[in-house]
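Inspection log for the structure reproduced underneath, given as structure tokens.
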Amino acid sequence: MRSILRRAALLLLHAAVARSQQPITRQQAVESAVARGARAAVARADTLVGAAQLRSARQFENPSLSATYTKSLPRYHEIVNLPFDITGARSARIQSAQATRLASQYRFQFERAAAALDADTTYTRALAALEHVRLARRNARDADSLRRMAIVRRDAGDASELDVLLATVNAGQAANLAAVDSLTFVSTLFDLQAVMGLDTNAIAITPSDSLVMPTDTRTGVATFVTLPVAAAEQSLTAAELSVRAQRRSIFAPFSIQAGVEHGDPSERGILPTFGVSIPLPILSRNRGAIAQAEAERERARAELALARFVTQTVIGRALRSRNLALERVQRDRLLVESASRVASMSLTAYREGAQGLPAVLEAQRNAREILTQYVDDVAEAWIATATLRLYDLRPVTR
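Just so we're aligned: the sequence shown equals residues 20 to 417 in my numbering.
Okay, structure coming up:
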């Protein structure tokens, strides 16, 4: 009896704490995760890196000025070296950087949507955990009411001491399950706060929406390139262009020279001089950089194949999970109604002395399990539908 009272006090304390928390909607949780979450912040920094790489690739090399003195006439020489891209390496680097920036934009769009999906999924699990808590508390109250009913019937001579003990054990087990579900709900709230980018030292929020069936009817079969695949394709394009740029850099830096010479007493004024500077690939043919670029290209190809495989797998799994969950929900609705009616009729029959206590406990257990399964199936259907929405996003170029 004391154990039951302690667990009841724990549940009341949890309810008091819940009243001091800030209620948030699903939309608020998603917006906080996108704005303050670490996942979107990393992807946002990746786009800045891509933009900086493009700016770096577009830069021209600075000219150089050389001034020399010789004993031979003319003595003074001032020559300007202007680097000039005749191999097209700069153009290839720019195109590679553009593809890299586009890939980073696609990844940012996907990670932003994935952060929203994490918040949406965690919020759904929090709603399911909250429904479990409410169901467990109701079961605990019903079990305690059944225990008191057994005591009254025993005192009246209509029930045995065994019925009282059995009802007491059942009430204690129901209180234990309620306490466990409450702790699970608290853990889920901490997970939600972490996804939202909030402090996880104390519970500060509680979900305010209701757990309902998803209304999205999309097939989940994308007829276009998804964001992860589009990003991987752009990364492969960037790697291929990088290989081209490294191969063209064998004869770099090529430069045009122009300058003046003076200091010859026999010649008045300054003398112009022109020329070119051509690198000779004798000691180095840029093989190391070419090999590195080719290795990165092979990795990009493997990442593209992996992105396509993972995308197809996730879409197929989410589609199957959603369809199965929707089918189970339809069956659960019928079972919930029947099981609740059986439990109510069994309790009435026990109160009137027409049925034994074990039959009542079995009916209540079946109703509890079916209700719990119904909540889990609705949550699974919502999560699978949200996953399909993530992979239905089209790449957008900015």
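Note that CB positions come from ideal geometry on N, CA and C, so glycine has one too.
Please name the residue in the options whose C-alpha comes closest to that of residue i.
i           : options               : result
residue 262 : 344, 80 and 114       : 114
residue 346 : 397, 384 and 298      : 397
residue 107 : 212, 338, 273 and 49  : 273
residue 194 : 209, 180, 164 and 179 : 164
residue 231 : 41, 53, 409 and 393   : 393
residue 71  : 80, 120 and 92        : 120
residue 341 : 90, 314, 279 and 233  : 233
residue 104 : 90, 95, 80 and 123    : 80
residue 101 : 69, 297, 348 and 55   : 297
residue 405 : 211, 186 and 143      : 143
residue 401 : 137, 127, 332 and 288 : 137
residue 213 : 411, 49, 403 and 399  : 49
residue 415 : 382, 284 and 247      : 247
residue 192 : 159, 53, 203 and 336  : 159
residue 216 : 226, 56, 312 and 110  : 56
residue 200 : 170, 145 and 181      : 145
residue 225 : 45, 413, 381 and 54   : 45
residue 128 : 58, 186 and 292       : 58
residue 268 : 299, 413 and 333      : 299
residue 352 : 170, 295, 386 and 323 : 386
residue 312 : 411, 264 and 157      : 264
residue 332 : 69, 403, 179 and 126  : 403
residue 51  : 68, 412 and 211       : 211
What is the residue span of the alpha helix (DSSP H) that residue i lies within?
i           : result
residue 348 : 306-370
residue 42  : Taken as a continuous stretch (DSSP letters only), residue 42 belongs to no alpha helix (DSSP H), being part of the beta strand (DSSP E) at 41-43.
residue 89  : No alpha helix (DSSP H) holds residue 89; DSSP gives it neither H nor E.
residue 396 : 376-409
residue 252 : 246-267
residue 72  : 57-77
From which residue to which residue does the beta strand (DSSP E) around residue i run?
i           : result
residue 293 : 290-296
residue 225 : 224-226
For residue i, which residues does DSSP report across the bridge?
i           : result
residue 176 : Residue 176 is not bridged to any residue.
residue 83  : 100
residue 275 : 101 and 295
residue 95  : 88 and 281
Out of curiosity, what's the CA-to-CA distance linking residue i and residue j?
i           : j           : result
residue 375 : residue 47  : 50 angstroms
residue 218 : residue 134 : 17 angstroms
residue 207 : residue 305 : 55 angstroms
residue 140 : residue 189 : 34 angstroms
residue 350 : residue 338 : 19 angstroms
residue 83  : residue 275 : 11 angstroms
residue 365 : residue 61  : 58 angstroms
residue 409 : residue 391 : 27 angstroms
residue 315 : residue 254 : 10 angstroms
residue 29  : residue 155 : The predicted position of residue 29 is uncertain, since its pLDDT is 49 and thus under 50; a value taken from the coordinates is nonetheless stated next. In a straight line, the C-alpha of residue 29 is about 13 angstroms away from that of residue 155.
residue 256 : residue 266 : 16 angstroms
residue 174 : residue 223 : 48 angstroms
residue 124 : residue 245 : 13 angstroms
residue 407 : residue 73  : 33 angstroms
residue 36  : residue 205 : Unreliable placement is indicated for residue 36, whose pLDDT of 49 sits below 50; the coordinate value is still reported in the next sentence. Approximately 11 angstroms between the Cα atoms of the pair.
residue 168 : residue 370 : 8 angstroms
residue 150 : residue 326 : 36 angstroms
residue 24  : residue 147 : In this prediction, residue 24 scores a pLDDT of 48, lower than 50, which makes its location untrustworthy; no coordinate-derived value is stated.
residue 90  : residue 287 : 18 angstroms
residue 110 : residue 310 : 20 angstroms
residue 379 : residue 153 : 21 angstroms
residue 399 : residue 344 : 6 angstroms
residue 360 : residue 372 : 18 angstroms
residue 285 : residue 98  : 21 angstroms
residue 162 : residue 186 : 7 angstroms
residue 40  : residue 335 : 38 angstroms
residue 170 : residue 183 : 6 angstroms
Check whether the Cβ of residue i lies closer than 9 angstroms to any Cβ atom in chain C.
i           : result
residue 188 : The structure shown has no chain C; it contains just one protein chain.
Given 8 angstroms, three or more beta-carbon pairs between the stretch 355-369 and the stretch 115-131: no
Can you confirm whether the stretch 252-266 touches the stretch 133-151 when touching is taken to mean that 3 or more C-beta pairs between the two stretches lie within less than 8 angstroms? no
Contact between the stretch 89-97 and the stretch 278-286: three or more CB pairs below 8 angstroms? yes
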